[in-house]
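Undergrad: This is the structure I want to talk about, given as structure tokens.
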Amino acid sequence: MSDVGIKVEGLTKIFGSGDTEVRILEDASLEVKKGEFAALVAPSGAGKTTLLMMLGCVERPTGGKIWLGDELVWDENRWSIPDTRRIRREKLGFIFQAHYLIPFLNIIENVKLIPLTNGWSEKRAEKKAMELLEYFDIGDKREAMPRQLSGGQNQRAAIARALSNEPQIILADEPTAALDMTRAVNVVKMLRKIVEEQNVAIIMVTHDERLLPYCDKILAIENRKVVTKTQVPKGFV
Ligand SMILES: Nc1ncnc2c1ncn2[C@@H]1O[C@H](COP(=O)(O)OP(=O)(O)OP(=O)(O)O)[C@@H](O)[C@H]1O
Ligand SMILES: [Mg+2]
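Numbering of the sequence shown is given in this note's numbering, commencing with residue 1 and proceeding in unit increments.
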């Protein structure tokens, strides 16, 4: 077992062709190790969400290679695994700006859904979900519906759900954008703790410079490449 969380080599992404061609990434490379928390910063439209969607095996790259852990998942022009949904269910946790809880399931049902889909027993899924809800201080909301929770509580429930399958990799697209600063910092501190305790690799897109001190490194998209910054790049918001 290596310490690779996410590795990308020579990644290219082009939308459309001819007059409508948009080049997002060209020969881009990056690596995030297990136990490493990376921020991804770049101006709007630079391709942050597109990159996360490729890493999440949702969007097809145009070329290059992607490894998730030791597994090569994209090899130049094809998925090199038979089932991309399996990877998402078993290895990945997604956190989005809008939380996307399922509105007609209560909070604990939302959190248990992926473990149950992965074949966990009801008892094990219930135990894991309760642990997470208590950790995020919303254990008392287990029977509530998403509409009955505040924005911050919903976002914490969504993070609990993203962690419910014990992912090795977390992809977070502006997870704190809808939160006030105190809550945003709390969420990022929680992610930091998970990185350290569970050895997961995280890439978090953010426009907020104040959250960067909680990350181990800063990745930026510049000239269609992914570069590692030692300082906060100017004007990334
Ligand atoms: N399916 C698509 N077809 C064509 N172009 C697309 C598609 N998806 C995204 N794009 C284009 O790719 C570029 C990058 O989009 P993306 O959503 O990845 O940017 P972003 O860095 O996440 O921006 P933001 O900070 O605003 O969320 C944009 O110019 C967008 O219009
Ligand atoms: Mg985006």
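By construction, the Cβ of each residue, glycine as well, lies at the ideal position given by its N, Cα and C atoms.
1. Between Leu68 and Ile203, which are expected to be in contact by the criterion C-beta below 8 Å, what is the C-beta distance as a whole number of angstroms?
2. As a quick exercise: from Cys215, Tyr214 and Lys229, pick the residue whose alpha carbon is nearest that of Ile221.
3. Do Ala28 and Ile95 count as a contact pair if the criterion is CB distance below 8 Å?
4. Of all the options Ile138, Ser164, Val22 and Ile24, which has the alpha carbon lying nearest to the alpha carbon of Trp120?
5. Quick check: does the Cβ of Thr49 come within less than 7 Å of any heavy atom belonging to ligand 2?
6. What distance in whole Å lies between the Cβ atoms of Leu132 and Val111, which are believed to be in contact at a cut-off of 8 Å?
7. Could you check if Met1 is buried or exposed, using at least 16 other CB atoms within 10 Å of its CB as the buried criterion?
8. So, is Lys128 buried or exposed, given that buried needs 16 or more other C-beta atoms within 10 angstroms?
9. Put Gln5 into one of helix, strand or coil per three-state DSSP.
10. Buried or exposed for Glu36, going by 16 or more other Cβ atoms inside 10 Å?
11. Helix, strand or coil: which one does DSSP assign to Lys65?
12. Classify Glu122 as helix, strand or coil using the three-state DSSP reduction.
13. Reducing DSSP to helix, strand and coil, say where Glu26 ends up.
14. For Met54, count neighbouring Cβ atoms within 10 angstroms of its own Cβ and tell me buried if that reaches 16, exposed if not.
TA: In short, the structure shows the following:
1. Along the sequence shown, read from residue 1 onward, the residue named residue 68 stands at position 68. Along the sequence shown, read from residue 1 onward, the residue named residue 203 stands at position 203. Between Ile203 and Leu68 the Cβ distance is about 11 Å, and since that is not below 8 Å, they are no contact.
2. Position 221 of the sequence shown holds residue 221. The option with the nearest alpha carbon to Ile221 is Lys229.
3. For the purposes of this step, residue 95 is taken as residue 95 along the sequence shown, with counting starting at 1. For the purposes of this step, residue 28 is taken as residue 28 along the sequence shown, with counting starting at 1. No; because the gap between Cβ atoms is not below 8 Å, this pair is not in contact.
4. If you number the sequence shown from 1, residue 120 lands on position 120. Taking only the C-alpha atoms, the option nearest Trp120 is Ser164.
5. Stepping through the sequence shown from its first residue, residue 49 is reached at position 49. Correct: Thr49 has its Cβ closer than 7 Å to ligand 2.
6. The residue labelled residue 111 in the question sits at position 111 within the sequence shown. The residue labelled residue 132 in the question sits at position 132 within the sequence shown. Confirmed, about 6 Å.
7. In the sequence shown, the residue the question calls residue 1 occupies position 1. Met1 should be labelled exposed.
8. Residue numbering aside, residue 128 sits at position 128 when the sequence shown is read from its first letter. Classification of Lys128: buried, given that the 10 Å Cβ count is 16 or more.
9. Taking the sequence shown and counting its residues from 1, the one referred to as residue 5 is at position 5. Going by the sequence as given, residue 5 is Gly instead of Gln. Note: Gly5 maps to strand in three-state DSSP.
10. Numbered from 1 along the sequence shown, position 36 holds the residue referred to as residue 36. Classification of Glu36: buried, given that the 10 Å Cβ count is 16 or more.
11. Taking the first residue of the sequence shown as position 1, residue 65 is located at position 65. Reduced to three states, the DSSP call for Lys65 is strand.
12. Along the sequence shown, read from residue 1 onward, the residue named residue 122 stands at position 122. Glu122 falls in the helix class under three-state DSSP.
13. The residue you call residue 26 lines up with position 26 of the sequence shown. Glu26 falls in the strand class under three-state DSSP.
14. The residue you call residue 54 lines up with position 54 of the sequence shown. With 16 or more Cβ atoms within 10 Å of its Cβ, Met54 is classed as buried.
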